[in-house]
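**Student:** Before I ask anything, let me first share the structure, which is written out below as structure tokens.
There are 2 protein chains.
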Amino acid sequence: MPESDITTSSGVHSTGQAEDSAATDATAEVTTDASTGKPIGMVADIGRDIGQYIRQQRENAKISLRQLSKLAGVSNPYLSQIERGSRKPSAEILQQIAKGLRISAEALYVQAGILDVPTGGPVADAIRADAELSERQKQVLLDVYESFRRENSAGQPKQEPSTVEEGTDATAAADRDNAQ
Amino acid sequence: MPESDITTSSGVHSTGQAEDSAATDATAEVTTDASTGKPIGMVADIGRDIGQYIRQQRENAKISLRQLSKLAGVSNPYLSQIERGSRKPSAEILQQIAKGLRISAEALYVQAGILDVPTGGPVADAIRADAELSERQKQVLLDVYESFRRENSAGQPKQEPSTVEEGTDATAAADRDNAQ
DNA sequence: GCAAGGTGCTTGCAATAGCTAGCACTGCTG
DNA sequence: CAGCAGTGCTAGCTATTGCAAGCACCTTGC
Numbered sequence: 018m019p020e021s022d023i024t025t026s027s028g029v030h031s032t033g034q035a036e037d038s039a040a041t042d043a044t045a046e047v048t049t050d051a052s053t054g055k056p057i058g059m060v061a062d063i064g065r066d067i068g069q070y071i072r073q074q075r076e077n078a079k080i081s082l083r084q085l086s087k088l089a090g091v092s093n094p095y096l097s098q099i100e101r102g103s104r105k106p107s108a109e110i111l112q113q114i115a116k117g118l119r120i121s122a123e124a125l126y127v128q129a130g131i132l133d134v135p136t137g138g139p140v141a142d143a144i145r146a147d148a149e150l151s152e153r154q155k156q157v158l159l160d161v162y163e164s165f166r167r168e169n170s171a172g173q174p175k176q177e178p179s180t181v182e183e184g185t186d187a188t189a190a191a192d193r194d195n196a197q
Numbered sequence: 018m019p020e021s022d023i024t025t026s027s028g029v030h031s032t033g034q035a036e037d038s039a040a041t042d043a044t045a046e047v048t049t050d051a052s053t054g055k056p057i058g059m060v061a062d063i064g065r066d067i068g069q070y071i072r073q074q075r076e077n078a079k080i081s082l083r084q085l086s087k088l089a090g091v092s093n094p095y096l097s098q099i100e101r102g103s104r105k106p107s108a109e110i111l112q113q114i115a116k117g118l119r120i121s122a123e124a125l126y127v128q129a130g131i132l133d134v135p136t137g138g139p140v141a142d143a144i145r146a147d148a149e150l151s152e153r154q155k156q157v158l159l160d161v162y163e164s165f166r167r168e169n170s171a172g173q174p175k176q177e178p179s180t181v182e183e184g185t186d187a188t189a190a191a192d193r194d195n196a197q
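Sequence lines, in order, name chains A and B.
So for the first sequence, this note's numbering puts the first residue at 18; every next one is plus one.
So for the second sequence, this note's numbering puts the first residue at 18; every next one is plus one.
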């Protein structure tokens, strides 16, 4: 598990340095950015999450940081920063790391928040695979389908009435798409 | 189709400014970066590709650039740069644009080269969905499966002998994974 | 004990992403 | 015709990404 400090990293690279006391006192409250609620002095949790995951996958594969950096074509200091959560890699870098780890890029994308956890059984898969629908139509249909599934799993919907409206909105949207 | 010029954009932002003559003479050969072969003065083709695609989706939806920029939460000058291919957006920005366009983020990711075009019928989907396999094991299995499919679709394999080796390498790799 | 080769990390820098301020233009309204 | 609201874009700026150079430490072999 990478250490959660940025220590002497310059202000140039960080949104703001972590409070010293936070670095030394594990029980100290993490200072957060007022606008996002995410930790200051550290890339957001999601960055640390992907870094932990990459380090875990690398250790499972029993290779060193330098070995992975060569396999991935990424510099080893940068890979260290990624694993320790002090840098947030782009999708392209994640793609390279996935190749180096010989896992799918999608697995890293889910951890990084770039992709949602895959959902849906055969219906959703079939909708996505339908070549005759536009991207917009696919999305509308998926929204309608997911809305119905939520209704059904709730039995009697206990959400706001907007849940009901959502369904009608979706079908209204579908009608508007067809009108175009 | 966005214009392919960066005109007076400063050198700070571009790998290199397009030759003036290239800007005015449509038949002029595009100057390329020696190391990558990609156009200079323009982000790589793939950047223009995603930009074109976004503009096409926006025009299909019959909304203006400013309307989409508000829906997406992206500044309108930056969206213009993306559509014209002079900036390469991150996955997070693509996610926001997809939401604004009400299409799936995956559709934009495929265009941007972040995701491959989805492949595989039921076998690949089932492998990906299997919760009992590690990410590494899934990838090895997919590699083996795709290798077999390539062999079968070629009838008599005409590729390098490495294609055969690839299969044996893959199964050997699978054995090593199981040994760990 | 020393050299060599490995490890993970820090620092400073260049290039790029993404934004704000502002521009020029168009069409509409009173 | 002036004012307004819209359009798409340019220029300059700040924050961030990703790297190269180099550090300190560890293990191994001679």
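For each residue, glycine too, the CB sits at the ideal point set by N, CA and C.
Please compile the residues from chain B whose C-beta is within a distance smaller than 8 Å of the C-beta of A:LYS87.
**Tutor:** Simply none; closest approach about 18 Å.
**Student:** Just to confirm, are A:ILE114 and A:VAL134 a CB contact at a threshold of 8 Å?
**Tutor:** Their beta carbons are not under 8 Å apart, which means A:ILE114 does not touch A:VAL134 by this criterion.
**Student:** Roughly how many whole angstroms lie between the Cα atoms of B:ILE67 and B:GLU100?
**Tutor:** Roughly 7 Å between the two C-alpha positions.
**Student:** Quick one: what does DSSP say A:GLU163 is sitting in, helix, strand or coil?
**Tutor:** Three-state result, A:GLU163: helix.
**Student:** Here's the rule: buried if 16 or more other CB atoms are within 10 angstroms of the residue's CB, otherwise exposed. What is B:SER103?
**Tutor:** Buried: at least 16 other Cβ atoms inside 10 Å.
**Student:** What number of angstroms, rounded off, separates the C-alpha of A:GLU109 from the C-alpha of B:GLU109?
**Tutor:** Distance between the alpha carbons of A:GLU109 and B:GLU109: 12 Å.
**Student:** Output, in chain order, the set of chain A residues within a Cβ distance shorter than 7 Å of B:ILE144.
**Tutor:** Those do not exist, as B:ILE144 stays about 10 Å from chain A at its closest Cβ, beyond 7 Å.
**Student:** Since A:ARG119 meets chain B, which of its residues come closer than 7 Å, beta carbon to beta carbon?
**Tutor:** By Cβ distance, chain B contributes ARG153 and GLN156.
**Student:** The alpha helix (DSSP H) that contains B:GLY117, what's its start and end?
**Tutor:** B:GLY117 -> alpha helix (DSSP H) spans 108–118.
**Student:** Give a yes or no on whether the minimum CB-CB distance between A:GLN73 and chain B is below 8 Å.
**Tutor:** Not one chain B Cβ lies under 8 Å of A:GLN73.
**Student:** By Cβ distance below 6 Å, which residues in the same chain neighbour B:LEU158 in space, the five residues on each side in sequence not counted?
**Tutor:** Hits under 6 Å: ILE144.
**Student:** Tell me the DSSP secondary structure of A:ALA141 in three-state form.
**Tutor:** Residue state, collapsed to three classes: helix.
**Student:** Could you check what DSSP says for B:SER86 in three-state terms: helix, strand or coil?
**Tutor:** Of the three classes helix, strand and coil, the one that applies to B:SER86 here is helix, per DSSP.
**Student:** What separation, rounded to the nearest whole angstrom, lies between the Cα atoms of A:GLN84 and B:TYR126?
**Tutor:** Those two C-alpha atoms are separated by around 29 Å.
**Student:** Is it true that the CB of B:ARG119 sits closer than 8 Å to the CB of A:GLN156?
**Tutor:** Contact flag set, yes.
**Student:** Could you work out which residue in A:ALA146, A:ALA141 and A:ARG72 is closest to A:ASN93 when comparing CA atoms only?
**Tutor:** Among A:ALA146, A:ALA141 and A:ARG72, the Cα nearest to that of A:ASN93 is on A:ARG72.
**Student:** Assign A:GLY102 to one of three DSSP states: helix, strand, or coil.
**Tutor:** In the structure shown, A:GLY102 sits in coil (DSSP, three-state: anything other than H, G, I, E or B).
**Student:** Starting from the C-beta of B:LEU111, find all residues in its chain whose C-beta is less than 8 Å away, skip the five residues before and the five after it, and write them out in chain order.
**Tutor:** Here the set comprises ILE67, ALA122, LEU125, TYR126, ALA129 and ILE131.
**Student:** Return yes when the Cβ of A:LEU96 is within less than 8 Å of the Cβ of A:SER86, no when it is not.
**Tutor:** Yes. Within cutoff.
**Student:** Using DSSP with H/G/I as helix, E/B as strand and the rest coil, what is B:SER170?
**Tutor:** In the structure shown, B:SER170 sits in a helix (DSSP, three-state: H, G or I).
**Student:** Grouping DSSP H, G and I as helix and E and B as strand, with all else coil, what is A:ALA124?
**Tutor:** Note: A:ALA124 maps to helix in three-state DSSP.
**Student:** Applying the criterion that 16 or more other CB atoms from any shown protein chain within 10 Å of the CB defines a buried residue, is B:ALA148 buried or exposed?
**Tutor:** Flag for B:ALA148 reads exposed.
**Student:** Taking C-beta pairs closer than 8 Å, name the residues in chain B that A:SER107 reaches, listed in chain order.
**Tutor:** Simply SER107 and ALA108.
**Student:** Does any residue of chain B bring its CB to less than 8 Å from the CB of A:ILE80?
**Tutor:** Answer no: the Cβ-Cβ gap between A:ILE80 and chain B never drops below 8 Å.
**Student:** Since B:TYR162 and B:ALA146 are thought to touch, with beta carbons under 8 Å apart, how far apart are those beta carbons, to the nearest angstrom?
**Tutor:** Incorrect: roughly 14 Å between the Cβ atoms, too far for contact.
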